[in-house]
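Residue numbers (the working numbering), protein chains in the order written: chain A, 1 to 118; chain B, 119 to 397.
Only one structure is covered here, and it is reproduced in the block below.
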Amino acid sequence: MRIPILKLHDYLLISVQVELDDQTALQFQEDLLNKIHQEGSSGVVIDLTSVEMIDSFIAKVLGDVVEMSNLMGAKVVLTGIQPAVAITLIDMGIMLDEVPTALDLEQGLDKLQQELEG
Amino acid sequence: MQPSIIEMIYSQRQEIIDRWKEEIQHFSDNEFSRSLPSEMYNETNVEFVHLIIDTLELEQSEAKEKLRQFVERFIHTGWPLSFFTQGMQAFRRVLLETMTSQETINSKKVFETFYEVESWIDGIINQLVDEYSGSWENTLHLQKLALKELSAPLIPVFEKISVMPLIGTIDTERAKLIMENLLEGIIEHRSQVVLIDITGVPVVDTMVAHHIIQASEAVRLVGAECILVGIRPEIAQTIVNLGIDLGKFPTRSTLRKGIETGLELTQRKIVKISSDEFR
Chain A
1 MRIPILKLHD
11 YLLISVQVEL
21 DDQTALQFQE
31 DLLNKIHQEG
41 SSGVVIDLTS
51 VEMIDSFIAK
61 VLGDVVEMSN
71 LMGAKVVLTG
81 IQPAVAITLI
91 DMGIMLDEVP
101 TALDLEQGLD
111 KLQQELEG
Chain B
119 MQPSIIEMIY
129 SQRQEIIDRW
139 KEEIQHFSDN
149 EFSRSLPSEM
159 YNETNVEFVH
169 LIIDTLELEQ
179 SEAKEKLRQF
189 VERFIHTGWP
199 LSFFTQGMQA
209 FRRVLLETMT
219 SQETINSKKV
229 FETFYEVESW
239 IDGIINQLVD
249 EYSGSWENTL
259 HLQKLALKEL
269 SAPLIPVFEK
279 ISVMPLIGTI
289 DTERAKLIME
299 NLLEGIIEHR
309 SQVVLIDITG
319 VPVVDTMVAH
329 HIIQASEAVR
339 LVGAECILVG
349 IRPEIAQTIV
359 NLGIDLGKFP
369 TRSTLRKGIE
379 TGLELTQRKI
389 VKISSDEFR
């Protein structure tokens, strides 16, 4: 199972529409980094609206992806994290401190724009 | 229960009742009984003692039902539980005294008789306590429900800005509700900034602070920002004295300032229009 990565001008858009398992998440990490390298993108939005559960491993992978992308010069914003997911993450003590978040795709793109300009 | 005991109780019914009335005079002098007219108090006493004796010959389930109805009436009018428990204890004392003072019981049977009387009386006491605690639990449950409804509303005040005013103490259960309402509300109203107003929270200790910090972290995860407003001077002092670190998210002293900050964060501001423009 691979997660499609869409290119929109300077940005990459990812809408995660499957339940993430460990393998998919690692595959996604690799694909995304390759894509950033290939396209030279400056921003990434990962939309998690359809994800109903995130375990600690997936959370760690997501955190890593963000950090790795930043190293490669692409800002990442996570969008559409569901209330239930947020509560689970906080309960597990996973704060995703360094990761910018936004309510939905639209606001995520705005946020990227701001960050890249600012 | 043995027929002989029942017979004995019946034969001395009046004496037992009289002695019991005398006995309960000792503890009748409390706040509650003084607030009642003495006739009503006495009437209740009589009704109570007759009911106790009547339970002897009734079927167990029937006796239970009768007792339940009796007690329910008094729960609603606010009779204290101690009135009934003390009454029962007095009744037991009187009964055993009466029985032993007469030489009707074979001394070998004393233990057996005591045992039967005890279990009879204890059964009634247990039921009384159960009825009372059941009614208390019920009240508590209703109050909890009412509190829950009032506990955590999220109010959209401007586009992209919502306010959650908190009033009263925050415990773990309420904190969970606050977090859920907050996050659901953010999605529903598409808020970018939420103001949590703690003007009405009397005490902010480490636990309350912890809950608020968790809520604001969760708010950040769903993609909004949280501003804590309504921090009174004494709250600020406690927070610092307890060494709670609220540095990670913005705080403001009043709701008004919080709203200004919220508007700033969403690139807006309130401006005064001149009176010419207004016309």
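For glycine and all other residues, C-beta sits at the position ideal for the given N, C-alpha and C.
According to DSSP, is residue i part of a helix, a strand, or is it coil?
i	result
A/Gly108	helix
B/Val319	coil
B/Val358	helix
A/Ala59	helix
A/Asp47	strand
A/Lys75	strand
A/Pro83	helix
B/Lys375	helix
B/Pro121	helix
A/Leu13	strand
B/Thr173	coil
A/Ile94	coil
B/Pro198	coil
A/Glu52	coil
B/Glu343	strand
B/Ile273	strand
A/Ser42	coil
B/Ser280	strand
B/Val189	helix
B/Lys262	helix
A/Ile36	helix
B/Ile314	strand
So, is the C-beta of residue i closer than 9 angstroms to a C-beta in chain A?
i	result
B/Arg338	yes
B/Leu301	yes
B/Ile304	yes
Residue i versus chain B: which residues are under 9 angstroms apart at the beta carbon?
i	result
A/Ile90	Met297, Gln332, Ala333, Glu335, Ala336 and Leu339
Taking C-beta pairs closer than 7 angstroms, name the residues in chain A that residue i reaches, listed in chain order.
i	result
B/Arg308	Leu103
Report the neighbours of residue i on chain B: residues whose CB is nearer than 7 angstroms to its CB, in chain order.
i	result
A/Ile81	Leu339, Val340 and Gly341
Against residue i, what residues of chain A qualify as contacts under a CB-to-CB distance less than 8 angstroms, listed in chain order?
i	result
B/Gly316	Checking the sequence shown, residue 316 of chain B turns out to be Ile, not Gly. The contacting residues do not exist; B/Ile316 stays about 19 angstroms from chain A at best.
Any beta carbon from chain B within less than 9 angstroms of residue i's own beta carbon?
i	result
A/Gly108	yes
A/Val85	yes
A/Met95	yes
A/Leu116	no
A/Leu13	no
A/Leu78	yes
Taking all protein chains shown into account, do 16 or more other C-beta atoms lie within 10 angstroms of the C-beta of residue i, making it buried, or fewer, making it exposed?
i	result
B/Ser309	buried
B/Ser393	exposed
B/Asn163	buried
A/Met53	exposed
B/Leu301	buried
B/Glu343	buried
A/Lys75	buried
A/Leu6	exposed
B/Ile273	exposed
A/Val99	buried
B/Arg370	buried
B/Gln332	buried
B/Glu249	buried
B/Gly252	exposed
Any beta carbon of chain D sitting closer than 9 angstroms to that of residue i?
i	result
B/Arg131	Absent from the structure is chain D; the protein chains it does hold are A and B.
Is the region 272-284 of chain B touching the region 228-244 of chain B, taking contact as three or more C-beta pairs under 8 angstroms?
With contact defined as three or more Cβ pairs closer than 8 angstroms, the region 272-284 of chain B and the region 228-244 of chain B are not in contact.
For the region 67-84 of chain A and the region 44-55 of chain A, state whether three or more C-beta atom pairs, one from each stretch, are separated by less than 8 angstroms.
Counting Cβ pairs under 8 angstroms, three or more are found: they touch.
Between the region 64-74 of chain A and the region 82-91 of chain A, can you find at least three pairs of beta-carbon atoms closer than 8 angstroms?
At 8 angstroms Cβ cutoff, the stretches do not touch.
For the region 330-343 of chain B and the region 119-127 of chain B, state whether three or more C-beta atom pairs, one from each stretch, are separated by less than 8 angstroms.
The region 330-343 of chain B is not in contact with the region 119-127 of chain B.
Is the region 381-388 of chain B close to the region 304-318 of chain B, with three or more CB pairs under 8 angstroms?
Judged by Cβ distances under 8 angstroms, the region 381-388 of chain B makes contact with the region 304-318 of chain B, as three or more pairs qualify.
Could you say if the region 28-44 of chain A and the region 3-12 of chain A meet the contact criterion of at least three C-beta pairs nearer than 8 angstroms?
Under the three-pair Cβ rule at 8 angstroms, the region 28-44 of chain A counts as touching the region 3-12 of chain A.
For the pair the region 260-274 of chain B and the region 282-299 of chain B, tell me if three or more CB-CB distances fall below 8 angstroms.
Contact between the region 260-274 of chain B and the region 282-299 of chain B is present, because at least three Cβ pairs lie under 8 angstroms.
Are three or more beta carbon pairs between the region 346-358 of chain B and the region 315-329 of chain B nearer than 8 angstroms?
In short, these stretches touch, since the Cβ pair count reaches three.
Touching or not, the region 162-181 of chain B and the region 97-110 of chain A, by the rule of three or more beta carbon pairs under 8 angstroms?
No, the region 162-181 of chain B does not touch the region 97-110 of chain A.
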